[in-house]
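See structure below.
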Amino acid sequence: MLTVPAGVTVVFCITNYDPSIAQIPAASDALVVGTVGGVATIAAGGHSAAVRSVAMSDIAHTFTISSGAYHLNVPIPPASASNDPTIVTFSVIFAMTGTFNWGCAVLCGPEGTMARDVMYGTLTVA
Ligand SMILES: [Cu+2]
Numbered sequence: 473m474l475t476v477p478a479g480v481t482v483v484f485c486i487t488n489y490d491p492s493i494a495q496i497p498a499a500s501d502a503l504v505v506g507t508v509g510g511v512a513t514i515a516a517g518g519h520s521a522a523v524r525s526v527a528m529s530d531i532a533h534t535f536t537i538s539s540g541a542y543h544l545n546v547p548i549p550p551a552s553a554s555n556d557p558t559i560v561t562f563s564v565i566f567a568m569t570g571t572f573n574w575g576c577a578v579l580c581g582p583e584g585t586m587a588r589d590v591m592y593g594t595l596t597v598a
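Okay, structure coming up:
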């Protein structure tokens with residue numbers, strides 16, 4: 473469970489140690505949507521860049537909120553190695569209060585079991 477304040481810039485920093493690539497992502501999973509400036513900064517393998525999308529073949533997970541109030545999607549590329557994580561940073565300003573579901577939108581883990589069983593939760597904007 474995450475709780476964030478409304479109307480201010482919230483900075484997310486996701487550290488991904490998973491080097492695997494998700495199965496059969498959709499084109500929309502590769503787009504950065506709903507962040508400040510429409511970008512996310514991806515640091516991996518000693519390089520860092522602000523991007524608006526990643527290659528469909530370069531997605532391990534996503535951080536996604538899809539509700540009436542918000543459409544947020546940030547693709548998370550795989551780690552270069554299990555000891556060399558990929559770090560994805562982005563900012564969001566949440567205008568509407570309430571509790572919203574977040575999750576990973578791609579089939580990750582064996583037969584999508586990771587997305588289904590562990591990569592979800594709620595985000596409360598208060
Ligand atoms: Cu995932």
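Numbering (my numbering), first residue to last: 473 to 598. For every residue, glycine included, the Cβ atom is placed at its ideal position computed from N, Cα and C.
| query | result |
| --- | --- |
| Those residues which DSSP pairs with residue 521 across a bridge | 514 |
| Any heavy atom of ligand 1 within less than 5 Å of residue CB: hits in chain order | 533, 576, 580, 587, 591 |
| Exposure label - residue 565; buried when at least 16 CB within 10 Å | exposed |
| Sequence-distant residues of its chain with Cβ nearer than 7 Å to residue 519 (five each side left out) | none |
| Identity of the residue in 493, 474, 479 nearest residue 554 by Cα | 493 |
| Sufficient close CB pairs (3 or more, under 8 Å) joining the region 498 to 514 to the region 522 to 532 | yes |
| 8 Å Cβ shell around residue 552 - same chain, five flanking residues per side excluded | 491, 516, 517, 558 |
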